[in-house]
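**Student:** My structure is below; once you've seen it, I'll send some questions.
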Amino acid sequence: MRGDQFTRRGAIGAAGAATLAATVPGVAHTPGRKPNFLFIMADDLGYADLSCYGRREYETPVLDGLAAQGMKFTHGYANSAVCSATRVGLITGRYQYRLRVGLEEPLGNRDLGLDPLHPTMPSLLRDAGYHTGLVGKWHLGWLPNYGPQLSGYDDFWGIRGGGVDYFTHKVGGQHDLWDGDTPVEEVGYMTDLMADRAIEYLDERATQGKPWLLSLHFTAAHWPWQANNAKGRAESERLDSGGNTIEGHLDIYHFDGGDMETYAGMVTSLDMNVGRVLARLAELGMEQDTVVVFTSDNGGERFSDNWPFTGIKTELLEGGMRVPFIVKWPGLTLPGTETDVPALSMDFLPTFLAAANTAPHPDYPSDGVDLRPVLAGGTLPERALFWRFWAKDQKAARRGRYKYLSIDGEEYLFDVVADPLERGNLKYREAEIFADLKGQFDAWNAGMLSDPDASSYRFTPKELADHFGWDS
Ligand SMILES: [Ca+2]
12 MRGDQFTRRG
22 AIGAAGAATL
32 AATVPGVAHT
42 PGRKPNFLFI
52 MADDLGYADL
62 SCYGRREYET
72 PVLDGLAAQG
82 MKFTHGYANS
92 AVCSATRVGL
102 ITGRYQYRLR
112 VGLEEPLGNR
122 DLGLDPLHPT
132 MPSLLRDAGY
142 HTGLVGKWHL
152 GWLPNYGPQL
162 SGYDDFWGIR
172 GGGVDYFTHK
182 VGGQHDLWDG
192 DTPVEEVGYM
202 TDLMADRAIE
212 YLDERATQGK
222 PWLLSLHFTA
232 AHWPWQANNA
242 KGRAESERLD
252 SGGNTIEGHL
262 DIYHFDGGDM
272 ETYAGMVTSL
282 DMNVGRVLAR
292 LAELGMEQDT
302 VVVFTSDNGG
312 ERFSDNWPFT
322 GIKTELLEGG
332 MRVPFIVKWP
342 GLTLPGTETD
352 VPALSMDFLP
362 TFLAAANTAP
372 HPDYPSDGVD
382 LRPVLAGGTL
392 PERALFWRFW
402 AKDQKAARRG
412 RYKYLSIDGE
422 EYLFDVVADP
432 LERGNLKYRE
442 AEIFADLKGQ
452 FDAWNAGMLS
462 DPDASSYRFT
472 PKELADHFGW
482 DS
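This is the structure we're talking about:
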């Protein structure tokens, strides 16, 4: 089964796809109406953490079903290998290295955040007549200077930081759950509560005529390692009473817990709750007017399946940044299609804006592209994509099937189509391609910000046994 993942399936030309899309019954959205966008982002979900991407230990029927109704990208990437940096790229539609806050890997400094003056996906859609809501994780700066409602969202319900306990909704002993600018306390499992609020948001939209954007940014399957059961609640109580398990780190960042059963519970809860939200969307009669996206903010963490890649979150090996990437677009994507065209988090802004008959602010052009030609069954002109990660001085560039990678000055060239594990270094065999991609990286990087004082996280041998040698 897994060996099939990198073969082309159902390849059809753009013209053929457009013709087919127009004739598939029940998929055309209301004529003249701008589409709604339900953008669902998981946290730290690895490439193969859904059954439809290869996970074997549990099933994700809802998200598999979403892929079966839309297009599954096999070369979908996050803008970064950590949370907040990708979220800067996503919301601005630009390489996050253009903004100082985007250099934080991830954001922990409370003095930094997303400048409210910067145009964003929600602010630009709001200007185009949309109602905009964020349910879930923000992680782009704290009050009073930064926040979702200062950056284009009409509504916000969720957490401002990088993660909370699933039951207490606390981190470091402090509650982090908000309804707008008001701290709130709720009883329940975080993933359930976020779906509850998303359903309320949809109910509210159904009574209005406006198109809408709902960014539904779950914290699952980010640590702490707690499924919605008695074992998860016991772990929550242990962390709440025990303090930090590693000195200097957050209490919920525990390396003395978690297992496969727990991780399965966290992801299947996510799947079930996405199902609740999609069911309400259909009940409200908005399904055919709504584009649904599901993706992750970075590659998988400790208990993820990132196969067939090496590397995890914080690393620019494919496993650190290749993610599930599913788009269901009634009237545009044919059900059950798949593409190997590379795409990145920052592509969603130009894609959504184009579909809403608007465009990025001329002073802040997007570094991404409109993905609709791909979603219609076609392709895009080949382009180079770039990543940087300050820890271990990591650099990467992808163009076509090739990837330039540099880690602490060690340089590689991989054919990531034939060799997704990144084992065969073609640096000398394909010296011209290597030199060209390295040159393109350097030229791109010269236009980006850098700051040696930015924080950049990586796993150490003290934390992960399989990372022995990383301090040498
Ligand atoms: Ca994350």
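In case it helps, the working numbering puts the sequence shown at residues 12 to 483. Ideal placement from N, C-alpha and C gives every residue a C-beta, glycine not left out.
Please go through the same chain and pick out, in chain order, the residues whose beta-carbon is closer than 8 Å to the beta-carbon of aspartate 214, but skip the five residues on each side of it.
**Tutor:** Residue mapping note: residue 214 aligns to position 203 of the sequence shown, counting from 1. Excluding positions up to five away in sequence, the list reads Arg291 and Leu295.
**Student:** Taking 7 Å as the cut-off, is the beta-carbon of valine 352 closer than that to any non-hydrogen atom of ligand 1?
**Tutor:** Position 341 of the sequence shown, counted from the start, is the residue given in the question as residue 352. No, the Cβ of valine 352 stays beyond 7 Å of every heavy atom of ligand 1.
**Student:** What residues in its chain sit with their C-beta under 7 Å from that of lysine 473, if we drop five residues either side in the sequence?
**Tutor:** If you number the sequence shown from 1, residue 473 lands on position 462. So the list is empty, once near-sequence residues are dropped.
**Student:** Per the contact definition of three or more C-beta pairs closer than 8 Å, is the stretch 71 to 90 in contact with the stretch 217 to 229?
**Tutor:** Too few Cβ pairs lie closer than 8 Å, so no.
**Student:** State the Cα-Cα distance for the pair glycine 388 and aspartate 75, rounded to the nearest angstrom.
**Tutor:** If you number the sequence shown from 1, residue 388 lands on position 377. If you number the sequence shown from 1, residue 75 lands on position 64. Rounded to the nearest angstrom, the two C-alpha atoms are 19 Å apart.
**Student:** What do you reckon, are the CB atoms on glutamate 115 and serine 466 nearer than 8 Å?
**Tutor:** Locating residue 115 in the sequence shown gives position 104, counting from the first residue. Locating residue 466 in the sequence shown gives position 455, counting from the first residue. Closer than 8 Å, so yes.
**Student:** Taking the alpha-carbon of glutamine 451 as reference, which of Tyr164, Val385 and Ala407 has the nearest alpha-carbon?
**Tutor:** Working through the sequence shown from its first residue, we reach residue 451 at position 440. It is Ala407.
**Student:** Going by beta carbon distance, what residues of the same chain come within less than 8 Å of arginine 3, once the five residues before and after it are set aside?
**Tutor:** Because the chain here runs from 12 to 483, residue 3 falls outside it and cannot be looked at.
**Student:** Note down, in chain order, each residue of its chain lying with its Cβ closer than 6 Å to the Cβ of valine 195, except the 5 sequence neighbours on either side.
**Tutor:** Indexing the sequence shown from 1 puts residue 195 at position 184. Cβ neighbours of valine 195 beyond the five flanking positions: Leu188.
**Student:** Which partner residues of aspartate 426 appear in the DSSP bridge assignment?
**Tutor:** Locating residue 426 in the sequence shown gives position 415, where the first residue counts as 1. Paired residues: Tyr413.
**Student:** Could you spell out the range, first to last residue, of the alpha helix (DSSP H) harbouring threonine 306?
**Tutor:** To locate residue 306, count along the sequence shown from 1; it is residue 295. Segment 301 to 307 is the beta strand (DSSP E) holding threonine 306; no alpha helix (DSSP H) there.
**Student:** Does the beta-carbon of histidine 233, which I'm using as the reference point, lie nearer than 7 Å to any heavy atom of ligand 2?
**Tutor:** In terms of ligand content, the structure shown lacks ligand 2 and carries ligand 1 instead.
**Student:** Applying the 10 Å Cβ sphere with the 16-neighbour rule, what's the burial state of tyrosine 439?
**Tutor:** Residue 439 sits at position 428 when you count from the first residue of the sequence shown. Counting Cβ neighbours within 10 Å, tyrosine 439 comes out exposed, since fewer than 16 surround it.
**Student:** Taking contact to mean at least 3 C-beta pairs separated by less than 8 Å, is the stretch 308 to 328 in contact with the stretch 58 to 75?
**Tutor:** Yes, the stretch 308 to 328 touches the stretch 58 to 75.
**Student:** Tell me where the alpha helix (DSSP H) around leucine 289 begins and ends.
**Tutor:** Locating residue 289 in the sequence shown gives position 278, where the first residue counts as 1. 271 to 294 is the span of the alpha helix (DSSP H), which, as asked, contains leucine 289.
**Student:** Look up aspartate 190 in the DSSP assignment and give the residues it is bridged to.
**Tutor:** As a working note, residue 190 is residue 179 in the sequence shown. Note: aspartate 190 sits in a beta bridge opposite Trp168 and Thr193.
**Student:** In the structure shown, what three-state DSSP assignment does threonine 143 receive?
**Tutor:** Here the question's residue 143 lines up with position 132 in the sequence shown. In the structure shown, threonine 143 sits in a strand (DSSP, three-state: E or B).
**Student:** Could you tell me which of Asp381, Leu136, His186 and Gln107 sits nearest to lysine 251, measuring between CA atoms?
**Tutor:** Along the sequence shown, one-based indexing puts residue 251 at 240. What sits at residue 251 in the sequence shown is aspartate, not lysine. Out of Asp381, Leu136, His186 and Gln107, His186 has the C-alpha closest to the C-alpha of aspartate 251.
**Student:** Cα-Cα, which of Gly286, Lys449, Phe363 and Phe425 is closest to leucine 77?
**Tutor:** In the sequence shown, the residue the question calls residue 77 occupies position 66. Nearest of Gly286, Lys449, Phe363 and Phe425 to leucine 77, Cα basis: Gly286.
**Student:** Quick check: what's the CA-CA separation for aspartate 477 versus valine 334?
**Tutor:** As a working note, residue 477 is residue 466 in the sequence shown. As a working note, residue 334 is residue 323 in the sequence shown. Rounded to whole angstroms, aspartate 477 to valine 334 spans 21 Å at the Cα level.
**Student:** Leaving out five residues on either side along the sequence, give the residues of the same chain with a beta carbon under 6 Å from the beta carbon of glutamine 405.
**Tutor:** Taking the first residue of the sequence shown as position 1, residue 405 is located at position 394. Cβ neighbours of glutamine 405 beyond the five flanking positions: Leu327 and Ile418.
**Student:** Can you give, in chain order, each stretch of the alpha helix (DSSP H) that sits fully within the stretch 66 to 149 and has at least 4 residues?
**Tutor:** The stretch 66 to 149 contains these whole alpha helix (DSSP H) runs: 72 to 80, 94 to 103 and 132 to 138.
**Student:** Between the stretch 141 to 158 and the stretch 350 to 360, do three or more beta carbon pairs fall short of 8 Å?
**Tutor:** Contact fails: fewer than three Cβ-Cβ distances are below 8 Å.
**Student:** How long is the line joining the alpha carbons of tyrosine 468 and glycine 322, rounded to whole angstroms?
**Tutor:** To locate residue 468, count along the sequence shown from 1; it is residue 457. To locate residue 322, count along the sequence shown from 1; it is residue 311. Those two C-alpha atoms are separated by around 14 Å.
**Student:** For lysine 414, is the classification buried or exposed, using 16 other Cβ atoms within 10 angstroms of its Cβ as the cut-off for buried?
**Tutor:** The count along the sequence shown starts at 1 and reaches residue 414 at position 403. So lysine 414 counts as buried.
**Student:** Which term fits tyrosine 422, buried or exposed, when burial requires 16 or more other beta carbons within 10 angstroms of its beta carbon?
**Tutor:** For the purposes of this step, residue 422 is taken as the residue at position 411 of the sequence shown. Before going on, a small fix: residue 422 reads as glutamate here, not tyrosine. Exposed, because fewer than 16 other Cβ atoms sit within 10 Å of the Cβ of glutamate 422.
**Student:** List the DSSP bridge partners of glutamate 421.
**Tutor:** Position 410 of the sequence shown, counting from 1, holds the residue named residue 421. According to DSSP, which records beta bridges pairwise, glutamate 421 is partnered with Ile418.
**Student:** Hey, how far is the Cα of aspartate 351 from the Cα of leucine 386?
**Tutor:** Start at 1 with the first residue of the sequence shown, and residue 351 comes out as number 340. Start at 1 with the first residue of the sequence shown, and residue 386 comes out as number 375. So the alpha carbons of these two residues sit roughly 11 Å apart.
**Student:** Cβ of valine 175 within 7 Å of any heavy atom in ligand 1?
**Tutor:** For this step, residue 175 is matched to residue 164 along the sequence shown. Every heavy atom of ligand 1 is 7 Å or more from the Cβ of valine 175, so no.
**Student:** Can you give me the Cβ contacts of valine 38 inside the same chain, cut-off strictly under 6 Å, excluding the 5 residues immediately before and after it?
**Tutor:** Sequence index remark: in the sequence shown, residue 38 carries index 27 (1-based). Confidence is the limiting factor: at valine 38 the pLDDT is only 46, short of 50, which leaves the residue's position unreliable, though a coordinate-based value still follows. Excluding residues within five positions, the ones whose Cβ falls inside 6 Å are Pro341 and Gly342.
**Student:** Taking 8 Å as the limit between beta carbons, can you name the residues of its chain near threonine 279, skipping five residues before and five after?
**Tutor:** Counted from its first residue, the sequence shown places residue 279 at position 268. Contacts found: Tyr69, Glu70 and Thr71.
**Student:** Looking at the secondary structure, which residues open and close the alpha helix (DSSP H) in which serine 356 lies?
**Tutor:** Walking along the sequence shown from the start, residue 356 turns up at place 345. From DSSP, serine 356 is part of no alpha helix (DSSP H); its letter is neither H nor E.
**Student:** Specify which residues have a beta carbon nearer than 5 Å to any heavy atom of ligand 1, listing them in chain order.
**Tutor:** Checking every Cβ against the heavy atoms of ligand 1 under 5 Å gives Asp54, Asp55, Cys94, Asp308 and Asn309.
**Student:** Could you check what DSSP says for isoleucine 210 in three-state terms: helix, strand or coil?
**Tutor:** What you label residue 210 is simply residue 199 of the sequence shown in a count that begins at 1. It is helical.
**Student:** Would you mind sorting lysine 339 into buried or exposed? The rule is 16 or more other CB atoms within 10 Å of its CB.
**Tutor:** Walking along the sequence shown from the start, residue 339 turns up at place 328. Per the 10 Å Cβ criterion, buried.
**Student:** Determine, using beta-carbon pairs with one atom in the stretch 124 to 131 and one in the stretch 168 to 182, whether at least three such pairs fall under 8 Å.
**Tutor:** As far as the Cβ criterion goes, the stretch 124 to 131 does not touch the stretch 168 to 182, which means the pair count is below three.
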